[in-house]
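Residue numbers (numbering that gives the first Met the number 0), protein chains in the order written: chain G, 0 to 484; chain Z, 0 to 484.
Just so it is clear, CB atoms sit at the ideal spot from N, CA and C, and this is done for glycine as well.
Structure first, commentary second.
Protein chains: 2
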Amino acid sequence: MAKRTAVIDIGSNSVRIVIYEKTSRYAFHLLREDKSKVRIGEGAYKQGGMLQEAAMQRAFETIEEFVTIAKSYKVRKILCVATSALRDAPNRDVFIKRVSSRLSLNIKVIDGAQEAQLGGIAVANMLPPNNYVTIDIGGGSTELASIQNGMIVEQLSLDLGTVRLKELFCDEGRFDDAVAYIKNAALAIPPSYLNRPIAGIGGTIRAVSMAYMRYIGYPIKVLHGFSYTTKAITLFSKKIYQRPPQELKLLGIKSERFDVIDAGTLIYTTLLEHLQAPEVTVSQVGVREGRFIQDLLRHQRHMRFPTPINPTMQSLIDRYIDDLEYVKNLKRTALELFDLLHEKLQLPVAYRELLGHAATLSNIGVELNYYDFERHSFYLILHSIYGMSHRETLLVATLVRYHTSKEPSEAFIQKYKTLLPKLKEIKGLIYLLALASSMLKANPKTLPFEVTWTGTQLHLHSLAKNHLAIEKLKRLESPIKIIID
Amino acid sequence: MAKRTAVIDIGSNSVRIVIYEKTSRYAFHLLREDKSKVRIGEGAYKQGGMLQEAAMQRAFETIEEFVTIAKSYKVRKILCVATSALRDAPNRDVFIKRVSSRLSLNIKVIDGAQEAQLGGIAVANMLPPNNYVTIDIGGGSTELASIQNGMIVEQLSLDLGTVRLKELFCDEGRFDDAVAYIKNAALAIPPSYLNRPIAGIGGTIRAVSMAYMRYIGYPIKVLHGFSYTTKAITLFSKKIYQRPPQELKLLGIKSERFDVIDAGTLIYTTLLEHLQAPEVTVSQVGVREGRFIQDLLRHQRHMRFPTPINPTMQSLIDRYIDDLEYVKNLKRTALELFDLLHEKLQLPVAYRELLGHAATLSNIGVELNYYDFERHSFYLILHSIYGMSHRETLLVATLVRYHTSKEPSEAFIQKYKTLLPKLKEIKGLIYLLALASSMLKANPKTLPFEVTWTGTQLHLHSLAKNHLAIEKLKRLESPIKIIID
């Protein structure tokens, strides 16, 4: 049984659970996610933050069900954090004790700085590296963290939340007051947060971004890592803000979010404007994943996965690669060919690492079905890898998809054209992977050819019989002259 | 380490290897397939079948490489069969002894009847049930088997093969003589084979069918189980027969098949005409899979998987389902709802079994990525299940894809319209699966509701708190009235 951990997160709007499975020391993947719109803070904002009994009971029973779910997955531990609703509640101990005594579950109430920190940890480890400012819009509060070189250097919590604003202003139609309130809160943001790329966290940003993604017909159906300009999302948000339910439904927004979407959109766009942020990258991960990673890396000095480990890629390797020795040989061979030929093929050196990833992941689709496994590998890579940009992930997936024979079709190029590099570069990289995989057709543990590049031709000196490899190499359409002996 | 078996098949045109992994007693999936166009029978047809030394050496070295590949997969056994080229060769013992003494591999030369039998076993177990006549066009011979109620009742081998006809006639442009030869050979086919649905086996039929599939823009990229009328394929074959390489390439036919495609197409269409066959279903499996299944079922009385086991579905269950108890509960619940509501929803009883499959497989996509797992489950089901028709597999996959919330999109319906039932029926089935999965939102081991159908409304009496389930049920768009208490 692999090690599994559940994280329960008690927010003001909803209570959520995630369950992760570790497949090796630093590799994990999500097994389950669920939420219930418990709204534990309901009615509290106008009562000095006092939790109401009905809301507490609802929350208790939901957490009880989540614990049952966690147990059905045989998790080793359940981590439980609570954010602003409990933070602000004078009577929170009543609730905490009830959960602790009846469910043996310890709720850790985290302050705003810790909450911002957890979102930052998740983003710093799971989005493509950048000096982001994270924005995590919740039901009761909004957290910001400033990331520099993978470390969280500042954090901030604002009393801005979707449920809070809904109850204080929006329910009474006082939208102008809501804007003034947000702008006032935003004054607390230090200048160091301005003009930075944003990483967007939380249900509001996910809902708005998902609607935008559908609206523009974005070709990759993965929200995590999706990015857009502030200008574009601000314009698009007018299709959401103060619009009737049927319009929201057409945009693909789920009905359970309708009642807080106005407050959420308002906070989001007002903050983006205030921050003078050029662009946003959406994060599917936040406080829960941050808490999980914090626990996973508790013996590390920094809250960072050791370079060059990518936890999601490692998880694919753990789960889908059978013959690791062959894969390492393939990667080594592909990179050796890259080093010999990249100038001739006019391939930027930046692609070297991506070619290595493609070699590593080239066969993972076999697990789904051997026939057409290249297409299944493509599908797996595109939907499972975090920590690289969509452009990078797509390029890796594309090399894998086409490395055994055919060229990318016109329809394929057309579909992904906004995210792909020049066709000539794609073809050059595909060729290198095809060449490496042909030379290793018979799954040897070492490279059965001696390879030299004369500057005009590639000389492959066969160190064994290599019938299968040579048969394959002879059929390969090659942009450079190959001599096999 | 799961149990793995390799099968090497020495044909007249190519030598092939498949490697299968068993995940439970009757469940297996393909790990690897490879072939080399060894053409062991090259030059033999005009020499009384005598194998030529160069061809034998080529075959030996290729088999040696295949054995290395098999060992790299740590297979427990290697089964090796040889068909017409060795069958016809007076000097075959030279070759068999060489392989046996140097590679410790025993080649079993099978006669035509056994070869037909193996193809029949593969088809009877891996295509949707039907009283097929199988046609397996090889390099040296063509086998036919007659299947009745899952058993092979007759078999036949004809000296018709692509390499044989190429060397005897086509290379010299004597196409009319080739046709006469085929027609003459076909006279040996008994009348009991006529007017029957065909299961098409072998590289020629796969190549022609794949080209046709692409040509018509068939929406499912799975060759196994693809079916068409004799009329359609006969018409299409004119685009292949005696056409220049560039036209073949445009049709997606691989260059290594160009030299035998004329002979192959001629045998295929002439036999279909002679057999007066109404339609063909393509089989991706044949002699190799038949040999593997024969070995797998060697202790059974009949060469049949016990009902209701579907080896490919069982393999998905073995590899992708973690909480089998939950899945069984979901299936039971979905079927119970079907029994209560199928009349009201006007759902044919034939869909009951497919709904059960959908319930069983509804969560398998989580293994790929939790987000959008319904879409990943759809993808897995569509590409991995054999033994059902494409229509059935697609329906199962569609129910899974849409059971958590959204309706099938217009684009989806449009793409698959030729293979889907009425939208109303799809929606009814999706609804039942959605209802069952909502009731079991918290992964209980039993159904936490008492369900009654009054004829006008569905009464769900809650046997526990069921917060998560009730929250989900209330959001479900329901075509019938539901009372929850």
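Kindly provide the ranges of any beta strand (DSSP E) runs that are 3 or more residues long and lie completely inside the segment 69-120 of chain Z, ordered along the chain. 76-81, 106-108
CA-CA distance, G:Ser-408 and Z:Pro-447? 51 Å
Quick one: is G:Val-365 near chain Z, going by C-beta distance under 8 Å? yes
Taking the beta carbon of G:Glu-366 as the centre, do at least 16 other beta carbons fall within 10 Å, making it buried, or is it exposed? buried
Go ahead and label Z:Glu-52 buried or exposed: buried means 16 or more other beta carbons lie within 10 angstroms of its beta carbon, across all protein chains shown. exposed
Can you give me the Cβ contacts of Z:Leu-296 inside the same chain, cut-off strictly under 8 Å, excluding the 5 residues immediately before and after it? Met-302, Arg-303, Phe-304
In the structure shown, what three-state DSSP assignment does G:His-458 receive? It is a strand residue.
Runs of 3 residues minimum, wholly inside the segment 4-59 of chain G: which ones carry the beta strand (DSSP E) assignment? 14-23, 26-35
Within the 8 Å Cβ cut-off, does Z:His-356 reach chain G? no
Touching by the beta-carbon criterion (3+ pairs, under 8 Å), the segment 273-293 of chain G and the segment 195-214 of chain G: yes
Who pairs with Z:Gly-199 in a beta bridge, going by DSSP? Under DSSP, Z:Gly-199 shares a beta bridge with Z:Ile-134, Z:Val-281.
Grab the span of the beta strand (DSSP E) containing G:Ser-156 for me, first residue to last. 150-157
Say whether chain Z places a C-beta atom closer than 8 Å to the C-beta of G:Lys-464. yes
How would you label G:Val-436, buried or exposed, when you count the other beta carbons within 10 angstroms and need 16 or more for buried? It is Ser, not Val, that sits at residue 436 of chain G in the sequence shown. Buried: at least 16 other Cβ atoms inside 10 Å.
List the residues of chain G that Z:Asn-368 touches, going by C-beta distances under 7 Å, in chain order. Neighbours of Z:Asn-368 on chain G, chain order: His-382, Ser-383.
Short-range partners of chain G found in the segment 10-35 of chain Z, where Cβ spacing is below 8 Å: His-28, Leu-29, Leu-30, Arg-31, Glu-32, Asp-33, Ser-35
Give the DSSP-derived three-state secondary structure of Z:Thr-306 in the structure shown. coil
I need the straight-line Cα distance from Z:Asp-317 to Z:Lys-21, nearest angstrom please. 10 Å
Could you work out which residue in G:Ala-185, G:Leu-431, G:Ile-120 is closest to G:Val-286 when comparing CA atoms only? G:Ile-120
Taking only beta-carbon atoms, is Z:His-375 less than 8 Å away from chain G? Chain G, which has a Cβ nearer than 8 Å to the Cβ of Z:His-375, makes this yes.
Return the CA-CA distance between G:Leu-247 and G:Met-209, expressed in angstroms with no decimal places. 12 Å
Which chain G residues are close to Z:Ser-254, counting only those with a beta carbon under 7 Å from its beta carbon? Arg-474
Between the alpha carbons of G:Ile-481 and Z:Leu-102, how many angstroms are there, rounded? 32 Å
If you draw a straight line from the C-alpha of Z:Lys-444 to the C-alpha of Z:Leu-315, how long is it? 21 Å
Are at least three pairs of beta-carbons, each pair with one atom in the segment 103-118 of chain G and one in the segment 159-177 of chain G, less than 8 Å apart? no
What in chain G is Cβ-close to Z:Ser-71, meaning under 9 Å? Asp-322, Glu-324, Tyr-325, Ala-441, Asn-442, Pro-443, Lys-444
Could you name the residues of the segment 278-292 of chain G whose beta carbon sits closer than 8 Å to any beta carbon of chain Z, in the order they occur along the chain? Gln-283
Where G:Ile-188 falls: helix, strand or coil (DSSP): coil
Beta-carbon proximity list for Z:Tyr-415, same chain, < 7 Å, skipping 5 on both sides: Pro-218, Leu-393
If we define contact as Cβ-Cβ less than 8 Å, is Z:Glu-246 a contact residue for chain G? no
List, in chain order, every chain G residue whose beta-carbon is nearer than 7 Å to that of Z:Thr-332. Neighbours of Z:Thr-332 on chain G: none; closest Cβ ~16 Å, over 7 Å.
What in chain G is Cβ-close to Z:Lys-220, meaning under 8 Å? Asp-371, Arg-374
List the DSSP bridge partners of G:Lys-471. None, per the DSSP bridge assignment.
From the beta carbon of Z:Glu-64, is the nearest beta carbon of chain G less than 8 Å away? yes
Length-filtered (4 minimum) alpha helix (DSSP H) runs lying within the segment 293-351 of chain Z: DSSP runs (the alpha helix (DSSP H)) wholly in the segment 293-351 of chain Z: 310-319, 323-340.
Given a threshold of 16 other Cβ atoms within 10 Å of its Cβ, counted over all protein chains shown, does G:Val-281 qualify as buried or as exposed? G:Val-281 should be labelled buried.
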